[in-house]
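Numbering (this note's numbering), first residue to last: 8 to 578. From the three backbone atoms N, C-alpha and C, an ideal C-beta is built for every residue, glycine too. Everything numeric in this text was worked out from a predicted model, so none of it was measured.
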């Protein structure tokens, strides 16, 4: 059968199991939108392409399926770039389909083409961060490009891809496109698994360090740790992979990590690193004085991406494998070794973790107003169902939750890691809610992040997504304001003020009501818990505007930016 390439594309997306396409309209992609009108695939229209990209990203993280983003030529594509880069740096599978100028106008600089020093080369905008970009030249090639795009986005280390299509190609005749095939992910060879198990079993201070690449069942990892009594540290992106309450979870290392976590990591004799990049903040800027020191110890690193093995630390043993399959193989091989018991270490972990969470809850009992940030976290824990998904932005909401919020075993934590994009949280939470419609989803965000993505509120209303937007409102880019004040003695360009210099912030609750959502203004310490319960019960989009004081998150580790500010930086 022959139809337009746009209709063939939509049928191919249906065959791939795509539920949602996120994006905005433009004259280069309306042929696809017209084809979607007769499809069970739901088009999620956003008022800004960055919001659409973050929503597609959130959907992918929460569903385990690739997000699909449809954008327009020129400014449509560039508006989406930040959101696509955010997904790419966090290894989130995202398939971007962009309309481009008509193929027969190439070189003439038609309307909205990205040009000045080159002709019709908008795909190059994405090339530094996508896994691959395809420029489609013929209608009959579109299906093959989309097939390869889904394959590339989801295989190996997941990531973002781009299929760039001249608008006339969408309207040209095309036969039905072929289905996509999949191959099994690489497993860890048995002899390698046995070697790793033996090294862990013989270690005196072993450590398992898990990164964000382990997104599926962590059961095998837990069985391995419990059999050999090995503590588990996690990166920022892996919080919740193993429940916070597990007695072997030692927490997050690095800049925001506990002293116990950093010291144990530094002194471990064998470290099994699973699907982690050893990111700068998780590794205290790779300074061996603070977190990781492999000068006299062994690093065993397993990753689906061979480029990550040995990138930041020399790996004595490296393996390219699917981390879930690798954990299963090592856990099975470990059973050949006697079980170990480290009762004193478990006591140290329990004491440190209990003190951390108890101290946070104690600070969160404060009746001060505006609220202390840990009071906001305490009310969230007490008022919301345990299976709540917390989607954060950047600043106190991300760093504080990662450090001192005891995530229930049923809960989940989603945050931007690699790009740390302000504005990720609001729209990403809408995508998460679409992927998990029965669960409570909270966008825990600062007023800076909310202001950066105001389109997320009407997006939630239009989609019937009952996201609860909790705005931690300190009328500033608070984390950076604190940083500047600490090192330069004043904060300039970080705080929001009106022309007279008084602190200023929009009325986010009023904005919510103007958009058709519920709006709650917290005017007293007891108001937040009541507003959270009401919002969770109503199952409607809601914005809760929470006045908050600026307080820095404790930073027991190290980050080299402080050396630069203090003038201690040397080449």
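{"Query": "Rounded straight-line distance, which links the Cα of residue 152 to that of residue 566", "Result": "42 Å"}
{"Query": "Close Cβ partners of residue 294 (< 8 Å) along its chain, the five nearest in sequence each way excluded", "Result": "565 and 567"}
{"Query": "Top-ranked residue by Cα proximity to residue 532, from 393, 428, 371 and 333", "Result": "371"}
{"Query": "Segment limits, beta strand (DSSP E) that includes residue 197", "Result": "Counting along the chain, residue 197 falls outside any beta strand (DSSP E), though it belongs to the alpha helix (DSSP H) covering 197-208."}
{"Query": "Three-state secondary structure (DSSP) of residue 2", "Result": "The chain is shown only over 8 to 578; residue 2 falls outside these bounds and no answer can be derived."}
{"Query": "Per-residue DSSP class, three states only, for residue 175", "Result": "helix"}
{"Query": "Distance between beta carbons of residue 440 and residue 415, contact taken as under 8 Å", "Result": "With a Cβ gap of about 18 Å, residue 415 and residue 440 do not count as contacting."}
{"Query": "Cβ-based burial, residue 460 [other Cβ within 10 Å; buried from 16]", "Result": "buried"}
{"Query": "Sufficient close CB pairs (3 or more, under 8 Å) joining the stretch 54-69 to the stretch 423-441", "Result": "yes"}
{"Query": "Residue environment, residue 457, which counts as buried when at least 16 other CB atoms sit within 10 Å", "Result": "buried"}
{"Query": "Straight-line gap, residue 11 to residue 38 (C-alpha atoms, nearest Å)", "Result": "9 Å"}
{"Query": "Three-way DSSP call (helix, strand, coil) for residue 511 in this model", "Result": "coil"}
{"Query": "Rounded distance between the beta-carbons of residue 305 and residue 206, thought under 8 Å", "Result": "7 Å"}
{"Query": "Contact belief for residue 468 with residue 523 at Cβ below 8 Å, rounded distance in angstroms", "Result": "4 Å"}
{"Query": "Counted within 10 angstroms of its Cβ, other Cβ atoms place residue 34 as buried (16 or more) or exposed", "Result": "exposed"}
{"Query": "Residues that residue 579 bridges to, as DSSP identifies them", "Result": "Look at the range of the chain in this structure, 8 to 578, and you will see that residue 579 is not part of it."}
{"Query": "Closest residue to residue 347 among 572, 236, 384 and 191 (Cα-Cα distance)", "Result": "236"}
{"Query": "Pick from 27, 331, 258 and 476 that is closest to residue 360, judged by C-alpha positions", "Result": "258"}
{"Query": "Cβ shell of residue 26 (< 6 Å), same chain only, five flanking positions each side left out", "Result": "none"}
{"Query": "Within 9 Å, strictly: CB atoms of residue 76 and residue 30", "Result": "yes"}
{"Query": "Cα-Cα separation, residue 588 to residue 435", "Result": "Since the displayed the chain opens at 8 and closes at 578, residue 588 lies outside it and no answer follows."}
{"Query": "contact_flag[the stretch 401-410, the stretch 447-454] where n(CB pairs < 8 Å) is 3 or more", "Result": "yes"}
{"Query": "Terminal residues of the beta strand (DSSP E) in which residue 420 lies", "Result": "419-421"}
{"Query": "Buried or exposed by the 16-neighbour rule on C-beta atoms within 10 Å, applied to residue 571", "Result": "exposed"}
{"Query": "Member of 514, 485 and 290 whose CA lies at the smallest distance from the CA of residue 501", "Result": "485"}
{"Query": "Residues near residue 274 in its chain [Cβ-Cβ closer than 7 Å; skip 5 each side]", "Result": "212"}
{"Query": "Cβ contact (3+ pairs, closer than 8 Å) linking the stretch 240-259 and the stretch 310-324", "Result": "no"}
{"Query": "Continuous alpha helix (DSSP H) stretch holding residue 570: start and end", "Result": "568-572"}
{"Query": "Assumed close pair residue 462, residue 54 - CB separation to whole angstroms, cut-off 8 Å", "Result": "4 Å"}
{"Query": "Top-ranked residue by Cα proximity to residue 87, from 80, 72 and 57", "Result": "57"}
{"Query": "N- and C-terminal bounds of the beta strand (DSSP E) containing residue 399", "Result": "396-399"}
{"Query": "Residue 482 burial status per 10 Å Cβ neighbour count (16 or more: buried)", "Result": "buried"}
{"Query": "Reference residue 432, options 93, 81, 50 and 71, closest by Cα", "Result": "93"}
{"Query": "Continuous alpha helix (DSSP H) stretch holding residue 64: start and end", "Result": "56-70"}
{"Query": "Residue 214 and residue 272 closer than 9 Å at C-beta", "Result": "yes"}
{"Query": "Spatial neighbours of residue 377 in its chain, beta-carbon cut-off 6 Å, leaving aside the 5 residues before and after", "Result": "554, 555 and 556"}
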